[in-house]
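Add 17 to a position in the sequence shown, counting from 1, and you land on the number used in our numbering. Every residue gets a Cβ at the ideal spot worked out from N, C-alpha and C, and that includes glycine. A short worksheet on the structure shown next.
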Amino acid sequence: MSQATDPAAVNRQWLLAERPTAAVTPEHFRYHEAAIPEPAEGEVLVRTLYFGFDASQRIWLTDDGGYMPSIQIGEPMRTMGIGQVVATRDPAYSVGDLVEGFMSWQDYVLARSDGPMPLRVLPKADYPLSWNLGVFGVGGLTAYFGVVDGLKVKPGDTVVISAATGATGSLAGGIAKALGAKTVIGIAGGPDKSRWVLEQPGYDAVIDYKNDDIAERLKELCPNGVDAYFDNVGGDMLDTLLVHMAPLGRVLICGAMSSGYTEVQVPGPKNYMQICTKQLTMQGILLFFYRDQLADGAAQLAEWVAEGRLHVAERIIDGFENAPALLPTMFSGKEPGKLLLRVADQD
Numbered sequence: 018m019s020q021a022t023d024p025a026a027v028n029r030q031w032l033l034a035e036r037p038t039a040a041v042t043p044e045h046f047r048y049h050e051a052a053i054p055e056p057a058e059g060e061v062l063v064r065t066l067y068f069g070f071d072a073s074q075r076i077w078l079t080d081d082g083g084y085m086p087s088i089q090i091g092e093p094m095r096t097m098g099i100g101q102v103v104a105t106r107d108p109a110y111s112v113g114d115l116v117e118g119f120m121s122w123q124d125y126v127l128a129r130s131d132g133p134m135p136l137r138v139l140p141k142a143d144y145p146l147s148w149n150l151g152v153f154g155v156g157g158l159t160a161y162f163g164v165v166d167g168l169k170v171k172p173g174d175t176v177v178i179s180a181a182t183g184a185t186g187s188l189a190g191g192i193a194k195a196l197g198a199k200t201v202i203g204i205a206g207g208p209d210k211s212r213w214v215l216e217q218p219g220y221d222a223v224i225d226y227k228n229d230d231i232a233e234r235l236k237e238l239c240p241n242g243v244d245a246y247f248d249n250v251g252g253d254m255l256d257t258l259l260v261h262m263a264p265l266g267r268v269l270i271c272g273a274m275s276s277g278y279t280e281v282q283v284p285g286p287k288n289y290m291q292i293c294t295k296q297l298t299m300q301g302i303l304l305f306f307y308r309d310q311l312a313d314g315a316a317q318l319a320e321w322v323a324e325g326r327l328h329v330a331e332r333i334i335d336g337f338e339n340a341p342a343l344l345p346t347m348f349s350g351k352e353p354g355k356l357l358l359r360v361a362d363q364d
């Protein structure tokens with residue numbers, strides 16, 4: 018084991034101070050300084066460099082926690098992050114390795130390689146390090162496996178993607194086009210975001226849910242129905258899409274942004290009998306199930322990026338102190354693409 022930390026340094030942390038019952042706010046977290054931990058056998062100590070922000074972090078703050086253990090009062094907020102190994106007692110990692118995976122809102126994180134998604138050692142590359150949390154991270158890989166394996170998009174398909182400006186939705190459209198989809202339609206909120214969907218990721222059409230009648234626009238744009246729907250929203254939007262699916266259509270459930278993720282129990286669709294009458298296929302997506310295929314997915318995404326088929330959009334904010342203020346913006350109209358916080362520079 019090699020130790021590269023400063024013994025005089027402290028481990029800054031943002032801890033959960035109070036469990037939110039509605040919208041999450043900065044007041045639900047408190048700042049704390051702790052000692053830098055020492056790795057035990059099988060552990061690796063990582064100095065965090067970037068925090069990623071995702072709407073699904075909100076569900077980890079519920080009593081249930083959703084698909085991850087609930088974050089407890091007094092624990093650091095969990096996040097997907099990028100960091101650099103500074104000490105290791107795990108032969109799978111070396112000091113200096115750049116890694117990506119589950120971390121938390123603190124300067125130094127202890128991790129193990131036997132969890133559901135071990136830290137991924139990042140390859141040397143000529144693209145920005147931050148892209149490993151976006152196009153090559155959870156957002157991009159979820160979009161990839163959701164479109165390729167979940168929806169099985171094929172040439173000639175008409176595809177609709179909700180939350181089309183998000184870290185996942187903004188990439189799902191380009192992936193569908195790369196697979197030969199005939200028409201890819203994004204759903205976004207407001208004129209600015211709708212314009213961005215057309216100009217940046219290159220969707221064929223857009224529906225502005227704040228100003229358009231979604232049902233009427235679907236009739237206009239998809240007269241023969243929707244073959245594949247990538248759902249990041251749920252709620253009324255999912256209900257509307259079910260009515261406009263083509264026979265034998267496919268629906269992928271990726272998220273439920275309309276719920277705000279304030280609780281685990283989300284009401285199901287009222288129009289669920291459309292699944293029966295049109296013989297639709299509906300399934301979910303969770304990246305844990307693809308842990309052995311992540312490298313292959315990232316390689317294909319890299320190829321499409323190099324070919325100019327995928328548009329990479331990210332917004333990077335600097336400063337550890339900004340973490341609590343950024344999480345609520347996931348539900349209040351953040352800018353398109355992936356949101357990241359840079360907390361340190363790599364050695």
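Can you list the beta strand (DSSP E) stretches of 3 or more residues lying completely in the region 110 to 136, in chain order?
115 to 121, 125 to 129
By the 10 Å Cβ neighbour count, where 16 or more other Cβ atoms means buried, how is A21 classified, buried or exposed?
Translated into positions along the sequence shown, residue 21 becomes position 4. Caution applies to A21, whose pLDDT of 47 falls short of 50 and renders its modelled position unreliable; the value that the coordinates give is listed next. Burial call: exposed.
Short of 6 Å in beta carbon distance, which residues of its chain neighbour D225, apart from the five on each side in sequence? Order them along the chain.
In the sequence shown, counting from the first residue as 1, residue 225 sits at position 208. Closer than 6 Å at the Cβ level, and outside the excluded window around D225, lie S211.
Look at G113 and L327 and say whether their C-beta atoms are less than 7 Å apart.
Mapped onto the sequence shown, residue 113 falls at position 96. Mapped onto the sequence shown, residue 327 falls at position 310. No, they are not a contact pair.
Below 7 Å CB to CB, which residues in the same chain sit around G183 once its five sequence neighbours on both sides are set aside?
In the sequence shown, the residue the question calls residue 183 occupies position 166. N249.
Can you say whether R267 is buried or exposed, counting buried as having 16 or more other CB atoms within 10 angstroms of its CB?
Taking the sequence shown and counting its residues from 1, one reaches residue 267 at position 250. So R267 ends up on the buried side.
For S19, count neighbouring Cβ atoms within 10 angstroms of its own Cβ and tell me buried if that reaches 16, exposed if not.
Mapped onto the sequence shown, residue 19 falls at position 2. A caution first: S19 carries a pLDDT of 43, below 50, which makes its placement in the model unreliable, though a value can still be read off. The residue in question, S19, is exposed, as its Cβ has fewer than 16 Cβ neighbours within 10 Å.
Excluding sequence positions up to five away, which residues of its chain have a Cβ less than 6 Å from the Cβ of G91?
Within the sequence shown, numbered from 1, the residue matching residue 91 stands at position 74. The answer, listed in chain order, is L32.
In or out: T42 buried (at least 16 other Cβ within 10 Å) or exposed?
Position 25 of the sequence shown holds residue 42. T42 comes out exposed.
Just verifying my parser: in three-state terms, what is the DSSP assignment at Q20?
Within the sequence shown, the letter at position 3 stands for residue 20. Its pLDDT being 45, under 50, Q20 is placed unreliably in this model, and the coordinates cannot settle the point.
Just checking my contact of D174 with D244 at CB under 8 Å: how many whole Å lie between their CB atoms?
To locate residue 174, count along the sequence shown from 1; it is residue 157. To locate residue 244, count along the sequence shown from 1; it is residue 227. So it is a contact: roughly 4 Å between Cβ atoms.
Hey, quick one: how far does the beta strand (DSSP E) through F247 stretch, first residue to last?
In the sequence shown, the residue the question calls residue 247 occupies position 230. Taken as a continuous stretch (DSSP letters only), the beta strand (DSSP E) holding F247 covers 243 to 248.
Count the C-beta pairs between the region 254 to 273 and the region 321 to 341 that are closer than 8 Å, then say yes if the count reaches three, no if not.
no
Have a look at M290, G277, S276, G163 and flag the residue whose alpha-carbon is nearest the alpha-carbon of L258.
Taking the first residue of the sequence shown as 1, we reach residue 258 at position 241. Looking at the Cα atoms, M290 is the closest of the given residues.
Within a Cβ cutoff of 6 Å, which residues of the same chain sit near E35, ignoring the five residues on either side of it in sequence?
Counting from one through the sequence shown, the residue named residue 35 turns up at place 18. Contacts found: H45.
Of the residues S179, V201, A315, which one's Cα is nearest the Cα of K171?
Stepping through the sequence shown from its first residue, residue 171 is reached at position 154. Residue V201 is the option with its Cα nearest to K171.
For F306, count neighbouring Cβ atoms within 10 angstroms of its own Cβ and tell me buried if that reaches 16, exposed if not.
Here residue 306 is taken as the residue at index 289 of the sequence shown, counted from 1. F306 should be labelled exposed.
Could you check whether R64 and A125 sit closer than 7 Å to each other, using their CB atoms as the reference points?
One-based indexing of the sequence shown puts residue 125 at position 108. One-based indexing of the sequence shown puts residue 64 at position 47. With the sequence shown as reference, residue 125 is identified as Tyr, and Ala is not the correct amino acid for it. It is a contact, given that the beta carbons lie within the stated cut-off.
If you follow the alpha helix (DSSP H) that K355 is part of, which residue opens it and which one closes it?
By one-based count along the sequence shown, residue 355 stands at place 338. Segment 355 to 359 is the beta strand (DSSP E) holding K355; no alpha helix (DSSP H) there.
Is there contact here, the region 159 to 169 with the region 99 to 108, by at least three beta-carbon pairs under 8 Å?
No contact exists between the region 159 to 169 and the region 99 to 108.
Out of F70, G83, T38, S73, state which residue places its alpha-carbon closest to the alpha-carbon of V281.
As a first step, residue 281 is located in the sequence shown; it is residue number 264 there, counting from the start. Of the candidates F70, G83, T38, S73, the one whose C-alpha sits nearest the C-alpha of V281 is G83.
Taking Cβ to Cβ, would you say R308 is nearer than 7 Å to M85?
Here residue 308 corresponds to residue number 291 of the sequence shown, with the count starting at 1. Here residue 85 corresponds to residue number 68 of the sequence shown, with the count starting at 1. In this structure, M85 does not lie closer than 7 Å to R308 by Cβ.
Starting from D80, follow the beta strand (DSSP E) in both directions and report where the run begins and ends.
Here residue 80 is taken as the residue at index 63 of the sequence shown, counted from 1. Here D80 belongs to no beta strand (DSSP E), and DSSP marks it neither H nor E.
Sort L304, Y144, A57, A51 by Cα distance to V329 and report the nearest one.
To locate residue 329, count along the sequence shown from 1; it is residue 312. Looking at the Cα atoms, Y144 is the closest of the given residues.
For a test of the three-state rule: what should DSSP assign to V102, helix, strand or coil?
For the purposes of this step, residue 102 is taken as residue 85 along the sequence shown, with counting starting at 1. It is a strand residue.
Could you check if T346 belongs to the surroundings of the ligand GDP, using beta carbon to heavy atom distance under 6 Å?
Within the structure as shown, the ligand GDP is missing, as the structure has no ligands at all.
What does a CB cutoff of less than 8 Å around D131 pick up in its chain, not counting 5 residues either side in sequence?
Residue 131 sits at position 114 when you count from the first residue of the sequence shown. Same-chain partners within the cutoff: G59.
Hey, S147 and P353 are a contact pair by Cβ (cut 8 Å); roughly how many whole angstroms apart?
By 1-based counting over the sequence shown, the position of residue 147 is 130. By 1-based counting over the sequence shown, the position of residue 353 is 336. Between P353 and S147 the Cβ distance is about 15 Å, and since that is not below 8 Å, they are no contact.
Using the Cα positions of A319 and L311, report the straight-line distance between them to the nearest angstrom.
Position 302 of the sequence shown, counted from the first residue, corresponds to residue 319. Position 294 of the sequence shown, counted from the first residue, corresponds to residue 311. Taking the straight line from one Cα to the other gives about 12 Å.
Rounded to whole angstroms, what is the Cα-Cα separation between V260 and G285?
Sequence index remark: in the sequence shown, residue 260 carries index 243 (1-based). Sequence index remark: in the sequence shown, residue 285 carries index 268 (1-based). Cα to Cα, the separation comes out at about 15 Å.
What do you reckon, are the CB atoms on R75 and Y246 nearer than 7 Å?
Within the sequence shown, the letter at position 58 stands for residue 75. Within the sequence shown, the letter at position 229 stands for residue 246. Going by C-beta atoms, R75 is not nearer than 7 Å to Y246.
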